[in-house]
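In terms of this note's numbering, the sequence shown is residues 93 to 347.
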Amino acid sequence: MKHAAVVVLVLLMSLSLRAAATDLQIKAWVDRNPVSVEDEFTYIVEISGKVRSLPEVQLPDFSAFYVLSGPNVSSSYQIINFEFSASQTYRVILQPRKTGEFTLGPAKVKFKGQTLQSEPVRVKVIQGPSRPRRSSPAAQSPSRSTQQQGRQGSQPNLSRAIQLKAIPTARSVYLGQQVTLSYKIYFRARIRDFDFVDHPETVGFWVEEYPLSGEATITREIVDGVQYNVAEIKRLALFPNKTGKLTIPPVTITV
């Protein structure tokens, strides 16, 4: 009986620690990746939870970069159905010192006796065309109008701003076993509409299409340290009707 009591106590303690961790979330990302050695970019940390006050965030070491501005902090609070929640966002504008691959360590907070931390963020710095550069890294950031002119004069890289991925639930299955294939669009640019241009026949499978609701649900995911909006735009049920290595052909959309 004593042994059973110890096991129950350990389980209860474990559950209480997990519950405390879910009260608060912390995540970190950058607004672009890779970046040119002449570019500036923003490192962002967001902490949120169903709490009345948020702990202070311990930011990672930025010694591999020039710190041009920040940390700048913004906060928001909500009460929904008598439940209080808060969020806080830290932004630091950085500029690389040299080319290479660098890792920004996890951002950390102490909460209810625990240390919570974000995932580290890897930043790839490449040699590229320079933008107008301030006289020294410690100088003030350019005016809002200058920043807007720079954005308008530069062409966005659509291969990084918009991506289409086909994600199967499994890559090795038995004959006749169902595989669900989800087509998701990852985007950072504004998308008004899209259309499938080419959707070739999927050879080697029986195919059934799932009906999706008229309006896609937008979620957020961090890919290679950059946050994307994500929407599922098509979902198929595939049933292989022969054995061997089968290839699902690519599809094409216009946006």
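Glycine included, every Cβ here is placed at the ideal spot set by N, Cα and C. Model, not experiment: these values are computed from the prediction.
Rounded distance between the beta-carbons of residue j and residue i, thought under 8 angstroms
| i | j | result |
| --- | --- | --- |
| K139 | G162 | The question names Lys, but residue 139 in the sequence shown is Ile. That pair is no contact at about 15 angstroms. |
| Y302 | R312 | That pair is no contact at about 23 angstroms. |
| V318 | V122 | 6 angstroms |
Nonlocal neighbours in the same chain, by C-beta distance under 8 angstroms from residue i, ignoring five residues either side
| i | result |
| --- | --- |
| D131 | R124, Q187, P188, G220, R223 |
| S264 | none |
| Q270 | A329, L330, F331 |
| D115 | G141, K142, V143, F203, K204 |
| T335 | L267 |
Cα-Cα separation, residue i to residue j
| i | j | result |
| --- | --- | --- |
| F176 | E193 | 40 angstroms |
| P126 | L151 | 21 angstroms |
| A258 | L146 | 38 angstroms |
| W298 | K326 | 16 angstroms |
| I310 | I277 | 10 angstroms |
| L338 | I314 | 30 angstroms |
| S274 | N333 | 20 angstroms |
| Y266 | T294 | 17 angstroms |
| P342 | V149 | 43 angstroms |
| S305 | E324 | 10 angstroms |
| P260 | G296 | 15 angstroms |
| S179 | I171 | 12 angstroms |
6 angstroms Cβ shell around residue i - same chain, five flanking residues per side excluded
| i | result |
| --- | --- |
| S210 | I118, K119, A120, P198, A199 |
| Q255 | Y278 |
| V322 | K276, Y278, T311, E313 |
| S166 | T181 |
| R183 | T134, I136, G162, N164 |
| A308 | A323 |
Same chain, Cβ closer than 7 angstroms to residue i, five either side skipped, listed in chain order
| i | result |
| --- | --- |
| L196 | Y135, P152, P212, V213, V215 |
| T207 | K200 |
| T191 | V129, V217, I218, Q219 |
| A156 | R189, F194 |
CB contact below 8 angstroms: residue i versus chain B
| i | result |
| --- | --- |
| P212 | The displayed structure is made up of one protein chain only, and chain B is not part of it. |
Those residues which DSSP pairs with residue i across a bridge
| i | result |
| --- | --- |
| Q219 | DSSP output for Q219 lists no bridge partner at all. |
| G192 | V217 |
| Q46 | Within the shown structure, residues of the chain are numbered from 93 to 347, placing residue 46 beyond reach of any answer. |
| Q150 | K200 |
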